Structures are given as structure tokens and as C-alpha cells.
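Notes to accompany the following structure.
2 protein chains.
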Amino acid sequence: MTYDLWYWPTIQGRGEFVRLPLEAAGIAYRDCARELGAKAMVADMASRTARAPFAPPYLVLGGLVIAQVANILMFLGERHDLAPSAMADRLWLAQVQLTIADMVAEVHAVHHPVSVGAYYEDQRDAAAQAAAQFREARMPKFFGHFEAAIATGPGDWLVDHRWTYADTSLFQLVEGLRYMFPQRMATLEPDYPGLIRVRDQVAALPGVRAYLSSDRRLGFNTDGIFRHYPELDAA
Amino acid sequence: MTYDLWYWPTIQGRGEFVRLPLEAAGIAYRDCARELGAKAMVADMASRTARAPFAPPYLVLGGLVIAQVANILMFLGERHDLAPSAMADRLWLAQVQLTIADMVAEVHAVHHPVSVGAYYEDQRDAAAQAAAQFREARMPKFFGHFEAAIATGPGDWLVDHRWTYADTSLFQLVEGLRYMFPQRMATLEPDYPGLIRVRDQVAALPGVRAYLSSDRRLGFNTDGIFRHYPELDAA
């Protein structure tokens, strides 16, 4: 049983939030568009009529096609025991993941405030304003939420006594923001020791460590969701 | 067993996506901030330490606190039989709801492209550009996705042979966009007959009909997510 994962082949993007728990848990998957190219993904999407994904990433297993990161993770969590089993815990885990997804959407809106269909270079002034607001107000607000969630949690990890998909997602969030806003992160990180500890613990998971040092892990770049434009960063 | 729903008391906002299935199914709930005021909600949120919501809406039942619209709806769907029971169907339903949530987030970004913390009046130029892109590219893209989902579905409704929470959410999406972009919707609606049919069917549900004519249904206004600024609309 090997999953087919479809996502843009040259960026981490939203696909990375799916790749990480697959790698951490050692679940077999094929990163299809990296093997077959973006055109093959576009063709695969176009070939799906009923229950088609709106956008990548999506996961295929036989006749089952699952899209939307939070939905994919919920499925993987339940099927591969990467999530607690009590209902209240599962709901809380999904809730944190959806809040991470909200922050990721705001990250993208920083460099594309006016139009997702236009280039960053054509919306730089608005992006500079959006970045200032994001750095100063939104980052502390989201980080404070995650830090409190970890501090009031059951132990070393966010929701459970072991890692779940919300921990791998927090890792990716911190990694992405370190790339995008190195100055701002240097200022903020000391205030959020729990968040950084979870990031470090995820990085030390054997599956994740092997993945990060492999060529399966793409680098960050200015085509993805987290983009480093030096003019948008400040301490 | 009565739910406590907490949401801003003067706007439909994201809370409306929770109110609608509660009303449609005749599930007892207290719209707490409408009874007690926004200050009471802020105080309630501040009093929650462990597993606190990031933002309203949130639903409270005894010790259980659930936030994030898609998460709340998934919970209500399973608990009150407002969702199909087969796993593949539940995943598809959640996926559609998350895509609706993505569109709702883009709707808000139209009038607040640069900063969620600043007034619309201070970002009007960027909003005009964002609105043009949203009207011309994003509305047809999302609507086409929902229309195809309905057309390839099992019958009159989106996912099941009866209404689910994705149908009430599509109703709200159409209602909100009709208020926000009356000219654009008049142009687009004929191309999406399935979407409009689902909207009409939801409006005709006895629980929804009673709700819409009650004073529990707030009107749309320019404090909510869907805002009518005539200068942002065009055919």
C-alpha cells in the first residue's frame, strides 16, 4: 500500500505539511509530480471529474482522493495512529491544524496581498505594508496561541504524549518563518521556548532527520508560500 | 442539552456557518454574545487557559470547547447525523467545507488586502485591485468547482441524498456574495444552476425559513466578512 501524493514538484508549499508526517512515520508514498512533472499533475487533476480536488496537494489511495491539508492529515492521523483516539483530543488536534493553516494563508497573503494571480513585483508597496502588520501583530498573536497550547498540554508535545501531525506542522511553520523573516524570528523566538522546543524535537525524529538530509526535501525558494524578500523583514 | 455558541453579536460572519445547520436541524443553542454582549465573550475567551480558541466562533458543551468552523461542523455532522457515515463521504464533505472556508477567507481579504488591523478606508486602492481579481478570476474558479461537485453528486444535494452542512454553507456563500457583489452575481448566476438550486433548497428548509424570518438572523452589514462597497462591484 503506497500513497500517491500530488503536489507542485519545485516547492515545499502546502505539500510539505503532508510529506512531513509521512516521512516521520515511515509511511510509503510516491511524490508523483516530482517523478512525472507538473504537467502530469495538471493532467491528473483534469482527468478527475467526480469529487475532484480544488487544488493540490491531494493524496490518492485506490479510488479514494483526499484534498485539503487539514483533511489529509486528519485521515492519516486516524488511519496510521498519528493522532490521539479520544474525540475531544482529535477535535483539538484538528483545531490547532486549522489555525496553523490560517497562519499559512496569511503568510502567503503577505507577499501577494492584492492578487494571487499577479507577481510579487507588481504589488510590492502593498506587500511592504502587509509584512509590517504581519510581523508586528500577527506573528506574536499566533505564536502566543501555540505557545499557550504547548504550555498547557500533556507533556513534551502539543496534544499527546508523542508527536502528532500538529507537531510536524509547527516544525514547518517555524522553519518557513525562519527562512522568510530571519531578523524578526531572531527577535521573537526567545519568547516562545515551547514552540521552539517542539520544532527541535520534530527535527530530531529519526524519520524527519533522514528526510531533511535527503534530496527528497526541497529547499525553500521564492516560488513557495514562505518567501524570503529581505525588504519585507525587520527585527 | 443546549450548546453555547460564542460569536460576535452584531455580524453574521463565520458564526453564521454554524448557526445555519443548528437552525436547519432544530438543535438547541444559546447565541451567548447576543444575550450577554461582546465583552462577555472577550471575558469568556480570556478565562479559558487550556485548549483556548484562537478566535470565535466556538461552541461549548460542558467541558468541551470546539473552535474553527470546519471543525465545529464536522463535530455537529457526526453527532447529529448531519453528515453521511461512510468515511469517503465524510472526507469529501469536510474537503468541500474547507474549500468554502478558503473562499470565505479570500472574500475578507478583498476589502482588507493589506492589513486585517486597519480600516477598509485606509486600503481602498489595494482593495479595488483585489476585488477586480476576485470577481474576474476567483469567483468563476470556485463556483465552477462547486457546480461540478453538485453536478456529479448523488442527487439534489451536494454530498448526500439529503442536506448536509456543506449545503447550508453554500447557501450562506451565495447569500453573502449576492449582498457584496450584486452586479457580478447577476452576471454569473446563470452559469451555475446547480449551485443556485442548492441555495434555493436550503432556503426552503423549514428550519432555515423560520430562522431567516426571525430576528435571530442578523442582516448583512459592512462590519462583517461579506461587505457591500458599491465601488468594488461590477458586472
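Chains as they are written, first to last, in UniProt numbering: chain A, 1 to 235; chain B, 1 to 235. The beta carbon of each residue, even a glycine, is placed where N, CA and C say it ideally should be. Remember, predicted model here, so these are calculated numbers, not experimental data.
| request: Using DSSP bridges, identify the partner residues of Tyr3(B). | output: As a first step, residue 3(B) must be located in the second sequence, where it is residue number 3. Looking at the DSSP assignment, Tyr3(B) forms a beta bridge with Tyr29(B).
| field | Span separating the alpha-carbon of Pro140(A) from that of Thr187(A) | value | Along the first sequence, one-based indexing puts residue 140(A) at 140. Along the first sequence, one-based indexing puts residue 187(A) at 187. Straight-line Cα distance between these residues: approximately 11 Å.
| Taking the Cβ atom as the reference point for each residue, do Val110(B) and Ala127(B) lie within a distance shorter than 9 Å? | For this step, residue 110(B) is matched to residue 110 along the second sequence. For this step, residue 127(B) is matched to residue 127 along the second sequence. Result yes, Cβ atoms of Val110(B) and Ala127(B) sit closer than 9 Å.
| query | Between Ala28(B) and the rest of its own chain, which residues show a CB-CB distance below 6 Å, the 5 nearest in sequence each way excluded? | reply | One-based indexing of the second sequence puts residue 28(B) at position 28. Hits under 6 Å: Thr2.
| request: Answer yes if the stretch 224-231 of chain A comes into contact with the stretch 170-189 of chain A, meaning at least three C-beta pairs across the two stretches below 8 Å, and no otherwise. | output: yes
| So Gln97(B) and Leu73(B) are in contact, right, with Cβ under 8 Å, and what is the actual spacing, rounded? | Stepping through the second sequence from its first residue, residue 97(B) is reached at position 97. Stepping through the second sequence from its first residue, residue 73(B) is reached at position 73. About 6 Å separates the two Cβ atoms, so the contact holds.
| To the nearest whole angstrom, what separates the beta carbons of Leu232(B) and Ala131(B), a pair I think is in contact under 8 Å? | On the second sequence, residue 232(B) is found 232 positions in, with the first residue counted as 1. On the second sequence, residue 131(B) is found 131 positions in, with the first residue counted as 1. Right, their Cβ atoms sit about 4 Å apart.
| message | Just verifying my parser: in three-state terms, what is the DSSP assignment at Ala148(B)? | response | The residue labelled residue 148(B) in the question sits at position 148 within the second sequence. Of the three classes helix, strand and coil, the one that applies to Ala148(B) here is helix, per DSSP.
| message | Going by DSSP in three states, Ala88(B) sits in which element: helix, strand or coil? | response | Along the second sequence, one-based indexing puts residue 88(B) at 88. Reduced to three states, the DSSP call for Ala88(B) is helix.
| Nearest to Arg48(B) by alpha carbon, out of Ser213(A), Asp102(A) and Ala149(A)? | Walking along the second sequence from the start, residue 48(B) turns up at place 48. The candidate whose alpha carbon is nearest that of Arg48(B) is Ala149(A).
| field | Glu106(B) Cβ short of 8 Å to the ligand COA heavy atom set | value | Only the bare structure without any ligand can be found here, which leaves the ligand COA out of the picture.
| For the beta strand (DSSP E) that Val116(A) lies in, which residues bound it at each end? | Indexing the first sequence from 1 puts residue 116(A) at position 116. Segment: none, Val116(A) is in no beta strand (DSSP E) and carries neither H nor E.
| How many whole angstroms separate the CB atoms of Phe17(B) and Leu91(A), which I take to be in contact at a CB cut-off of 8 Å? | Within the second sequence, numbered from 1, the residue matching residue 17(B) stands at position 17. Within the first sequence, numbered from 1, the residue matching residue 91(A) stands at position 91. Their Cβ separation, rounded to whole angstroms, is 17 Å, which puts Phe17(B) and Leu91(A) out of contact at 8 Å.
| field | Residue burial classification, Glu121(A) (beta-carbon count within 10 angstroms, cutoff 16) | value | The sequence position of residue 121(A) within the first sequence is 121, counting from 1. Exposed: under 16 other Cβ atoms inside 10 Å.
| said: Given this structure, state the Cα-to-Cα distance separating Ser115(B) from Val114(A), to the nearest angstrom. | reply: For the purposes of this step, residue 115(B) is taken as residue 115 along the second sequence, with counting starting at 1. For the purposes of this step, residue 114(A) is taken as residue 114 along the first sequence, with counting starting at 1. For Ser115(B) and Val114(A), the distance between alpha carbons rounds to 11 Å.
| task | Can you check DSSP and say which residues form a bridge with Ala67(B)? | result | Here residue 67(B) corresponds to residue number 67 of the second sequence, with the count starting at 1. Paired residues: Tyr58(B).
| message | Check for me: the alpha helix (DSSP H) holding Tyr179(B) runs from which residue to which? | response | Along the second sequence, read from residue 1 onward, the residue named residue 179(B) stands at position 179. Tyr179(B) -> alpha helix (DSSP H) spans Tyr165 to Met180.
| task | Identify, in the order they occur along the chain, each residue of the same chain with its Cβ nearer than 7 Å to the Cβ of Met185(B), setting aside the five sequence neighbours on each side. | result | In the second sequence, residue 185(B) corresponds to position 185, counting from 1. For Met185(B), where only same-chain residues beyond five positions count, the Cβ hits under 7 Å are Leu177 and Arg178.
| query | For the candidate residues Ile11(B), Pro230(B) and Asp4(B), whose alpha-carbon lies nearest to that of Arg217(B)? | reply | For this step, residue 217(B) is matched to residue 217 along the second sequence. Of the listed residues, the one whose Cα sits closest to Arg217(B) is Ile11(B).
| Taking buried to mean at least 16 other C-beta atoms within 10 Å of its own C-beta, is Pro57(B) buried or exposed? | Working through the second sequence from its first residue, we reach residue 57(B) at position 57. With 16 or more other Cβ atoms within 10 Å, it is buried.
| message | Beta-carbon within less than 8 Å of Thr168(B)'s beta-carbon, same chain only, minus the 5 sequence neighbours each way: which residues are those? | response | For the purposes of this step, residue 168(B) is identified with residue 168 of the second sequence, where counting begins at 1. Phe17, Leu20, Pro21, Ala24, Val202 and Val208, listed in sequence order.
| request: Using a Cβ-Cβ cut-off of less than 7 Å, list which residues of the stretch 71-84 of chain B approach chain A; keep chain order. | output: Asn71 and Phe75
| query | Cα separation between Gln129(B) and Asp31(B)? | reply | By one-based count along the second sequence, residue 129(B) stands at place 129. By one-based count along the second sequence, residue 31(B) stands at place 31. Distance between the alpha carbons of Gln129(B) and Asp31(B) is about 37 Å.
| field | Residue of Leu5(B), Ala46(B), His161(B) and Val174(B) minimising C-alpha distance to Gly62(B) | value | Translated into the one-based positions of the second sequence, residue 62(B) becomes position 62. Of Leu5(B), Ala46(B), His161(B) and Val174(B), the residue nearest in Cα terms is Leu5(B).
| query | Do Phe146(B) and Leu195(B) have their C-beta atoms within less than 9 Å of each other? | reply | In the second sequence, counting from the first residue as 1, residue 146(B) sits at position 146. In the second sequence, counting from the first residue as 1, residue 195(B) sits at position 195. Their beta carbons are under 9 Å apart, which means Phe146(B) touches Leu195(B) by this criterion.
| request: Determine the contact status of Leu173(A) and Met87(A), defining contact as a CB-CB distance below 9 Å. | output: On the first sequence, position 173 is the one that residue 173(A) refers to. On the first sequence, position 87 is the one that residue 87(A) refers to. Cβ atoms of Leu173(A) and Met87(A): not closer than 9 Å.
| Since Tyr192(A) and Phe143(A) are thought to touch, with beta carbons under 8 Å apart, how far apart are those beta carbons, to the nearest angstrom? | On the first sequence, residue 192(A) is found 192 positions in, with the first residue counted as 1. On the first sequence, residue 143(A) is found 143 positions in, with the first residue counted as 1. At roughly 5 Å, the Cβ-Cβ gap stays under 8 Å, so Tyr192(A) and Phe143(A) are in contact.
| said: Taking CB distances under 9 Å as the criterion, tell me whether residue 236(B) reaches chain A. | reply: Lying outside 1 to 235, the shown extent of chain B, residue 236(B) is not represented and no answer is given.
| query | At a CB-CB cut-off below 7 Å, which residues of chain B make contact with Leu64(A)? | reply | Taking the first sequence and counting its residues from 1, one reaches residue 64(A) at position 64. Ordered by position in chain B, the residues that pass the 7 Å Cβ test against Leu64(A) are Ala88.
| request: Specify, as a first and last residue, the run of the alpha helix (DSSP H) that Leu195(A) falls within. | output: If you number the first sequence from 1, residue 195(A) lands on position 195. Counting along the chain, the alpha helix (DSSP H) containing Leu195(A) begins and ends at Pro193 to Ala203.
| query | Can you list, in chain order, the residues of the stretch 42-64 of chain B whose Cβ is nearer than 7 Å to any Cβ on chain A? | reply | Thr49, Ala50, Arg51, Ala52, Phe54 and Leu64
| said: My assumption, with CB atoms under 8 Å, is that Ala33(A) sits in contact with Ala40(A). Please give the rounded CB distance. | reply: Looking up residue 33(A) in the first sequence gives position 33. Looking up residue 40(A) in the first sequence gives position 40. About 6 Å; that satisfies the 8 Å criterion.
| Where does Arg19(B) fall in DSSP's three states? | Along the second sequence, one-based indexing puts residue 19(B) at 19. Here Arg19(B) sits in helix by DSSP.
| query | Does the distance from the CB of Gln133(A) to the CB of Ala55(B) come in under 9 Å? | reply | Sequence index remark: in the first sequence, residue 133(A) carries index 133 (1-based). Sequence index remark: in the second sequence, residue 55(B) carries index 55 (1-based). Result no, Cβ atoms of Gln133(A) and Ala55(B) do not sit closer than 9 Å.
| message | Check this for me: beta carbons of Arg199(A) and Leu170(A), under 9 Å apart or not? | response | Reading the first sequence from its first residue, position 199 is the one you call residue 199(A). Reading the first sequence from its first residue, position 170 is the one you call residue 170(A). Yes, the pair counts as a contact, with Cβ atoms nearer than the cut-off.
| query | Going by C-alpha distance, which of His108(B), Ala105(B), Val69(B) and His80(B) is nearest Leu94(B)? | reply | Here residue 94(B) refers to the residue found at position 94 when the second sequence is read from its first residue. The sequence shown places Ala at residue 94(B), not Leu. Comparing Cα positions, the closest option is Val69(B).
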